[in-house]
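Report on one structure; see the data block that follows.
2 protein chains.
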Amino acid sequence: MIDLRRHNSNFCVEHFLRFCRDQVERTIAEFEMFSKTDRLLVAVSGGKDSLAIWDLLLETGYRVDGLYVGLGIGEYSESSGVYARSFASSRSATLIEVDLPGEYGYDIPGGAKAARRAPCSACGLTKRHLFDAAAVDGGYDALVTGHNLDDEAAVLFGNTMKWQTEYLARQAPVLEARAGFPRKAKPLVRLSEREMAAYCILRGIDYIVDECPMAAGNRHLGYKEVLNDLEARSPGAKADFYFNFLRSAARHFTISDTGDAAGLGHCERCGAPASGEVCAFCRLVERAGGSQPVRLSSTRRGSAA
Amino acid sequence: MIDLRRHNSNFCVEHFLRFCRDQVERTIAEFEMFSKTDRLLVAVSGGKDSLAIWDLLLETGYRVDGLYVGLGIGEYSESSGVYARSFASSRSATLIEVDLPGEYGYDIPGGAKAARRAPCSACGLTKRHLFDAAAVDGGYDALVTGHNLDDEAAVLFGNTMKWQTEYLARQAPVLEARAGFPRKAKPLVRLSEREMAAYCILRGIDYIVDECPMAAGNRHLGYKEVLNDLEARSPGAKADFYFNFLRSAARHFTISDTGDAAGLGHCERCGAPASGEVCAFCRLVERAGGSQPVRLSSTRRGSAA
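Chains as they are written, first to last, in our numbering: chain A, -19 to 285; chain B, -19 to 285.
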């Protein structure tokens, strides 16, 4: 029996799996994320969330490939790659791989240090760029990520605690494609971290259980602890916080033109959208001591022209 | 030495007291709360915050009387009344007293039970009504309350966690007078709970240290704990949360006409603003088994006519 306090329910295995599928289908429909004819690319880390959403989308008949980025974070990256490849081959699914040290000449621990950026910041920038580029270059209709309710509530919480209104305006389960950026969708926002762990265990999906060693003690994990504390005091508080925001408050915050795609040009090195001559990713690559591979550069410049 | 981590400062006694006065003067000026010619009424509980703001306003030359409401919460109310009276007589200041059991025929523990309301809800409704009525009937220019930064941040946090946009629109350190309601001001919003306790100790002000016994475990105190947790992880987070809201987010939420003074009539029993024939306070009095004293009723109906 799986006990979901937030829903005041107990499920047997079969109904729990159906519950997860229903929540995902409901989210895809409610936010008009994508359809079964679309070609989807899911960003795969080897953790429970990304493997679960890949599995859920394959199970329910979507056309979905995976993308794995090897970040060069020692043993952690090696193991997570093994889980991603193993899942893909068990489902005969297509997994695209990008190897950061091999193709760009830097890894996250060393590159962040050389560029004097916090590791999570350098990693986020790197992944966003590579995911976006792969989705656009591959002609996918949407980039799917495995962000769950806990992730999204924690990001919303952090942005709310600082009242970062520009970020609050972008806090949606689906973002439309803009010049050079793919459509982005988060079909797991109705499901919690704990539910995703249970899903993987019940489906026999092996995933990397450890948190990334570079993330220990970061602010995002602190916000998750605070939200878990609130959830324990008042079950359902986390989902109410996130969904009441979407329902009642999100419309109060609008994306201004500042920094929006309207005013963006193209990076002269890689062709990605950029506010200056060189995009933030290419500046990071340079400061991290790496270099831009010729392949991606020419492809994106070509597609942007 | 008093160590204020949030301000990254240490103060000696003299400069700490000056710091408190400066913060209050700055708040009064910034939010245009009131002037030295105004007649002010401060709501006094006998706790540190209300006695501190009364003291700070008297010290800096404001014309300010106190109002104490005896709520009939056993030993707690008896002690708090003694502290309020003792402070008033030590400053030769005017203290108006309202005795809820004596004048309205109910106390908070029994009345809340009889009316089937949570004690904090019945108490809040009672105090708001009696404070408003006393300020309006007494012709005061503003009602001052001792809400400090911790109080206001906790209220904002609760309203934000539920995204209660109507309440978010009213979250300001000063509210203008509206038909039947007095102007309301909170000059302590730049000072914390801990700072107010230090202020009272250094000024030799005796106050009731215990929390109200009926409030134990309420949600508001839970929000304070969560905010203290965030503050410990990141000093200044609490003030940033509150003041960034006022600066960047408050303008996104506007007071709608629903339930606003525009559509309010007068309670047929006490003359206070009411959306129906009888105001929420008079309904509580009735359900709590009490009765409206003739004095207040006739006064307010007169002033509202």
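Ideal Cβ positions, reconstructed from N, Cα and C, are used throughout, including at glycine.
Under 9 Å (Cβ pairs) to chain C, residues found in the stretch 181 to 201 of chain B | In the displayed structure, chain C is absent; the protein chains listed are A and B.
Just checking my contact of residue 222/A with residue 155/A at CB under 8 Å: how many whole Å lie between their CB atoms?
-> Not really, about 16 Å apart at Cβ, beyond 8 Å.
Near residue 42/A, which residues of its chain fall below 7 Å by C-beta distance, leaving aside the five closest residues on each side in sequence?
-> 16, 20
In chain order, what residues of the same chain lie with their CB nearer than 7 Å to the CB of residue 3/B, ignoring the 5 residues before and after it?
-> 170, 171
Residue 25/B to residue 46/B span [Cα, whole Å] | 10 Å
Could you check if residue -4/B is buried or exposed, using at least 16 other CB atoms within 10 Å of its CB as the buried criterion?
-> buried
Going along the stretch 121 to 132 of chain A in order, which residues come within less than 7 Å of chain B, judged by CB to CB distance?
-> none
Within the 8 Å Cβ cut-off, does residue 17/A reach chain B?
-> Interface flag for residue 17/A against chain B is unset, since no Cβ pair is found closer than 8 Å.
Which of helix, strand or coil DSSP assigns to residue 264/A = Residue state, collapsed to three classes: helix.
List the whole-angstrom C-beta distance separating residue 53/A from residue 192/A, where the pair is believed to meet the contact cut-off of C-beta under 8 Å.
-> 6 Å
Residue 163/A beta carbon less than 8 Å from that of residue 201/A = no
Looking only at C-alpha atoms, which of 261/A, 273/A, 145/A, 268/A sits nearest to residue 107/A?
-> 261/A
Could you tell me which of 161/A, 102/A, 150/A, 83/A sits nearest to residue 253/A, measuring between CA atoms?
-> 161/A
DSSP puts residue -11/A in a beta bridge; with which residues?
-> According to DSSP, which records beta bridges pairwise, residue -11/A is partnered with -16/A.
8 Å Cβ cut-off: residues of chain B touching residue 141/A | By Cβ distance, chain B contributes 210, 217, 220, 221.
What does residue 105/B pair with, by DSSP beta-bridge criteria?
-> DSSP, once it has assigned bridges, lists no residue as partnering residue 105/B.
Per DSSP, cross-strand counterpart(s) of residue 77/A = Residue 77/A pairs with 48/A.
Beta-carbon gap between residue 80/B and residue 65/B smaller than 8 Å = Taking 8 Å as the cut-off, the Cβ atoms of residue 80/B and residue 65/B do not count as close.
Can you pull the chain A residues whose beta carbon is under 7 Å from the beta carbon of residue 213/B, in chain order?
-> 202
For residue 228/B, decide whether its Cβ has a neighbour in chain A, counting only Cβ atoms nearer than 8 Å.
-> For residue 228/B, at least one C-beta of chain A is nearer than 8 Å to its own C-beta.
Would you kindly work out how many angstroms separate the C-alpha atoms of residue 0/A and residue -9/B, rounded to a whole number?
-> Computed Cα separation, rounded: 56 Å.
If the cut is a Cβ gap below 7 Å, which residues of chain B does residue 169/A touch?
-> In chain order: nothing, as chain B lies at least about 16 Å away.
heavy atom of the ligand ADP below 7 Å from residue 161/B C-beta | This structure does not include the ligand ADP; it has no bound ligands of any sort.
Within this structure, are the beta carbons of residue 18/B and residue 121/B separated by less than 8 Å?
-> For the pair residue 18/B and residue 121/B, the CB atoms are nearer than the 8 Å cut-off.
What residues in the stretch -5 to 17 of chain A have a beta carbon less than 7 Å from any beta carbon of chain B?
-> Taking 7 Å as the Cβ-Cβ cut-off against chain B, none of the residues of the stretch -5 to 17 of chain A qualify.
DSSP-derived helix/strand/coil call for residue -3/A | helix
Whose Cβ in chain B lies nearer than 7 Å to the Cβ of residue 225/A?
-> 143
Buried or exposed: which applies to residue 185/B, given that a residue is buried once 16 or more other Cβ atoms fall within 10 Å of its Cβ?
-> So residue 185/B counts as buried.
Chain A contact for residue -13/B (CB, 8 Å cutoff) | no
Any idea if residue 104/A is buried or exposed, counting beta-carbon neighbours within 10 angstroms, 16 or more meaning buried?
-> Residue 104/A is exposed by the Cβ-count criterion.
Output the distance between the C-alpha atoms of residue 175/B and residue 50/B, rounded to the nearest integer angstrom.
-> Approximately 26 Å between the Cα atoms of the pair.
Which residues does DSSP pair with residue 246/A in a beta bridge?
-> 253/A
Give a yes or no on whether the minimum CB-CB distance between residue 237/B and chain A is below 8 Å.
-> The pLDDT assigned to residue 237/B is 43, lower than 50, so where the model puts this residue is not dependable, and the model offers no usable value.
Specify, as a first and last residue, the run of the alpha helix (DSSP H) that residue 97/A falls within.
-> Per DSSP, residue 97/A belongs to no alpha helix (DSSP H) and is neither H nor E.
Unbroken alpha helix (DSSP H) runs of length 4 or more, entirely within the stretch 126 to 180 of chain B: which are they?
-> 129 to 141, 145 to 148
Going by C-alpha distance, which of 152/A, 57/A, 136/A, 143/A is nearest residue 7/A?
-> 152/A
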